[in-house]
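Trainee:
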Amino acid sequence: MLKIYAIPASLYCAKLRILLRHKNLEWQEVSPPGGYGSDEYKQIVPSGNLPAMQDSNLLLADSEAIAEYLNEIHIAPAMLPADAVARARVRALGRFHDTRLEPALRALFPQIPPEKRDSAILKEGGKSLSRHLSVLEKLLVETDLPDDQLFLCDCGFAITFDWLAAFEHFLKLPITWPEGVQTYRERLSQLPAIAEEYAAYRPVLTSYMQENS
1 MLKIYAIPAS
11 LYCAKLRILL
21 RHKNLEWQEV
31 SPPGGYGSDE
41 YKQIVPSGNL
51 PAMQDSNLLL
61 ADSEAIAEYL
71 NEIHIAPAML
81 PADAVARARV
91 RALGRFHDTR
101 LEPALRALFP
111 QIPPEKRDSA
121 ILKEGGKSLS
131 RHLSVLEKLL
141 VETDLPDDQL
151 FLCDCGFAIT
161 FDWLAAFEHF
171 LKLPITWPEG
181 VQTYRERLSQ
191 LPAIAEEYAA
201 YRPVLTSYMQ
211 ENS
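So for the sequence shown, full-length UniProt numbering puts the first residue at 1; every next one is plus one.
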């Protein structure tokens, strides 16, 4: 059985769980010994990253590397297209999430506590995220993914969209959602593995925001 080091509210841990659910894999989820970033955990995972996966003698600590590995050794259902061009575009979407959209969201995490909140930073952060969402809408049109399949790139967006919605609600973050992105978000929410993860994850996210904001 796979061992997954994770913490409940982590976006990237939730991203991985969507894949695990979609592949119908069994896993044991454990907290990092000593807590996230602890020296004790770094004795196991030197980078301290979450999630991390132990599969027999293999240890991986990057969510994208874990996803690619699991998709290769557990072939069905496939989470990359058969066509090389389509595969490249799916990977490009995944990189856009990990290197553009999610970091722009994460940059606003220091704004969660009310005493540290700065309306000017939130305003600029909302503009930045809105620009990224506008780019995403164009990328989705170019990629033209089937509506009834789940791909590797979808897993991260599904969770980040929920964080964006939480920031809108709790921090009053001003975001413009393009119509194409709204349609994509709704489509993702209907896919079984994402719906299952939402059922477990959304109460955790809501509790986290209520306790910290």
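For glycine and all other residues, C-beta sits at the position ideal for the given N, C-alpha and C.
Would you say the beta carbon of N49 is closer than 7 Å to some non-hydrogen atom of the ligand FMN?
Mentor: The ligand FMN is absent from the structure shown, which contains no ligand whatsoever.
Trainee: With DSSP run on the structure shown, which of helix, strand or coil describes I4?
Mentor: Against the sequence shown, residue 4 aligns to sequence position 4. In the structure shown, I4 falls within a strand segment according to DSSP collapsed to helix, strand and coil.
Trainee: Look up A52 in the DSSP assignment and give the residues it is bridged to.
Mentor: Reading the sequence shown from its first residue, position 52 is the one you call residue 52. Partner(s): Y5.
Trainee: Just list the beta strand (DSSP E) runs in the UniProt domain "GST C-terminal" (83–207), keeping only unbroken ones of 3 residues or longer that don't cross its boundaries, in chain order.
Mentor: Complete beta strand (DSSP E) runs here, min 3: none at all.
Trainee: Under a Cβ-count criterion, where at least 16 other Cβ atoms within 10 Å of its own Cβ denotes burial, should V181 be classed as buried or exposed?
Mentor: As a first step, residue 181 must be located in the sequence shown, where it is residue number 181. With a 10 Å radius around the Cβ and a threshold of 16 neighbouring Cβ atoms, V181 comes out buried.
Trainee: Whose C-beta lies closer than 6 Å to the C-beta of L136 among residues of the same chain, with five residues either side of it excluded?
Mentor: Stepping through the sequence shown from its first residue, residue 136 is reached at position 136. Hits under 6 Å: V181.
Trainee: Between which two residues does the alpha helix (DSSP H) holding L60 run?
Mentor: By 1-based counting over the sequence shown, the position of residue 60 is 60. In the DSSP annotation of this structure, L60 is not part of any alpha helix (DSSP H); the continuous beta strand (DSSP E) holding it starts and ends at 58–60.
Trainee: What's the call for T160, buried or exposed, on a 16-neighbour Cβ count within 10 Å?
Mentor: Here residue 160 refers to the residue found at position 160 when the sequence shown is read from its first residue. That one is buried.
Trainee: R187 CB to nearest chain D CB: under 8 Å?
Mentor: In summary, chain D is missing from the structure at hand, where a single protein chain is found.
Trainee: Around the Cβ of D144, are there at least 16 other Cβ atoms within 10 angstroms (buried) or fewer (exposed)?
Mentor: Here the question's residue 144 lines up with position 144 in the sequence shown. By the 10 Å Cβ count, D144 comes out exposed.
Trainee: If you draw a straight line from the C-alpha of W163 to the C-alpha of L152, how long is it?
Mentor: Stepping through the sequence shown from its first residue, residue 163 is reached at position 163. Stepping through the sequence shown from its first residue, residue 152 is reached at position 152. Those two C-alpha atoms are separated by around 19 Å.
Trainee: Report buried or exposed for H22, applying the criterion of at least 16 other Cβ atoms within 10 angstroms of its Cβ.
Mentor: The sequence position of residue 22 within the sequence shown is 22, counting from 1. H22 comes out buried.
Trainee: Report yes or no: do three or more beta-carbon pairs, one from the stretch 41–58 and one from the stretch 105–118, lie closer than 8 Å?
Mentor: no
Trainee: Just the C-alpha distance for K3 and G35, rounded to the nearest angstrom, thanks.
Mentor: Position 3 of the sequence shown, counting from 1, holds the residue named residue 3. Position 35 of the sequence shown, counting from 1, holds the residue named residue 35. Cα-Cα distance, rounded: 16 Å.
Trainee: Starting from E29, trace the beta strand (DSSP E) in both directions and tell me its first and last residue.
Mentor: In the sequence shown, residue 29 corresponds to position 29, counting from 1. Here the beta strand (DSSP E) through E29 covers 27–30.
Trainee: Please classify D154: is it buried, with 16 or more other beta-carbons within 10 angstroms of its beta-carbon, or exposed?
Mentor: Position 154 of the sequence shown, counting from 1, holds the residue named residue 154. So D154 counts as buried.
Trainee: Would you identify the three-state DSSP class for A67, choosing helix, strand or coil?
Mentor: Within the sequence shown, residue 67 is the residue found at index 67, counting from 1. Here A67 carries a helix assignment [DSSP, helix/strand/coil].
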